[in-house]
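This report concerns only the one structure given below.
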Amino acid sequence: MPTSTAAVTPIPQSRTEEDGSAVIRVLSYNIRSLRDDPDALARVIRACAPDLVLVQEAPRFFRWRKKLARLASQTGLVILAGGAPAAGPALLCSLRATVERTEDVLLPRTPGLHRRGFAVAVVRFGRARLGVLSCHLSLQDDERHAQAGMLLNRLGALGAPHAVAGGDVNDRPESRTFRRLAGALRDCWAVAPWGAEHTAPADGPRQRIDAIFATEGVEVLACGVPRDLPGVSQGDLTAATDHLPVLAALRIPPAG
């Protein structure tokens, strides 16, 4: 069973392999609507050097587009999808990605509970083609479990040969919702633990409720909460938002 003291070695850099496969960095991060220190948040994201960022709790209300665009600009990324139209989840990407299509998905709403959604895209890195989904699942157990099923269905409907999904699961690995996802997809931390495990709360992490999952065929090289990021202090990590980021290095095979 992986622990929170997995050996720290440098996480692989993004690159294109001779066989056409692509090594990419995927970051999942709950940014709490940019209510904390946006400059610290930008430093953390830049230091992770991601190709894809799966955002949860992106700004959704007053001037949300401007706020999300500023974060993208500060981190050298562009907005793919999400934000208010997806009820919070969003996707950012580097210029390395070629975008095929995007979609903002609103999930059925349970009366009295917060509206949830998915930010979805299909992208290419050279010859490697990948479906991507960012999620923030419900706080209510039955709704959360149902949303996990919707997530799996949405990934299957993308028509991409490989896919990655990530976000704030709002549940721990032993829960039925997390096990539903990990039973159909590969829990990247469990496959190749790297860095630290626990993601929340940022100022005293004691649980893993944020995760990145990948379909079979995606090679997981490393996944976990990054430590000792260049130019980032522990104060930056706790000031940026109330969750810690999850960073994965994945090798995506060439399509067809």
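Residue numbers (my numbering): 4 to 259. For each residue, glycine too, the CB sits at the ideal point set by N, CA and C.
Among 226, 180, 131, which has the Cα closest to the Cα of residue 153?
180
7 Å CB neighbourhood of residue 47 in its chain, flanking five on each side removed:
232, 235, 239, 240, 243, 248
Distance check for residue 253 and residue 90, CA to CA, integer angstroms please.
27 Å
Exposed or buried, which one is residue 237 when buried takes at least 16 other CB atoms within 10 Å?
exposed
To the nearest angstrom, report how far apart residue 144 and residue 173 are at their CA atoms.
Between the alpha carbons of residue 144 and residue 173 lies a distance of about 9 Å.
CA-CA distance, residue 37 and residue 205?
Using only the alpha carbons, I get a separation of about 15 Å.
What residue from 198, 203, 210, 214 has the CA that sits closest to residue 190's CA?
214
Measure the beta-carbon distance from residue 83 to residue 71 and round it to whole angstroms, keeping in mind my assumption that it falls under 8 Å.
About 11 Å; that fails the 8 Å criterion.
Looking only at C-alpha atoms, which of 171, 141, 13, 126 sits nearest to residue 1?
In the structure as shown, the chain begins at 4 and stops at 259. Residue 1 is therefore absent and cannot be evaluated.
Inspect the beta-carbon positions of residue 196 and residue 159 and report whether they are closer than 8 Å.
no
If you compare alpha carbons, which of 77, 116, 220 is closest to residue 142?
116
Within a Cβ cutoff of 7 Å, which residues of the same chain sit near residue 43, ignoring the five residues on either side of it in sequence?
239, 242, 243
Below 8 Å CB to CB, which residues in the same chain sit around residue 67 once its five sequence neighbours on both sides are set aside?
61, 86, 87
Quick one: what does DSSP say residue 222 is sitting in, helix, strand or coil?
strand
Measure the C-alpha to C-alpha separation of residue 255 and residue 209 and round it to an integer number of angstroms.
31 Å
Closest by CA to residue 14, which one among 98, 112, 51, 111?
51
My understanding is that residue 171 touches residue 140, with C-beta atoms under 8 Å, so please give their C-beta distance in whole angstroms.
7 Å
Thinking just about the alpha-carbon of each residue, which of 39, 25, 56, 218 is nearest to the one in residue 31?
If we check each option's Cα against that of residue 31, 56 comes out closest.
Does DSSP classify residue 88 as helix, strand or coil?
helix
Could you name the residues of the same chain whose beta carbon sits closer than 7 Å to that of residue 138, not counting the 5 residues immediately before and after it, in chain order?
92, 121, 154, 168, 170
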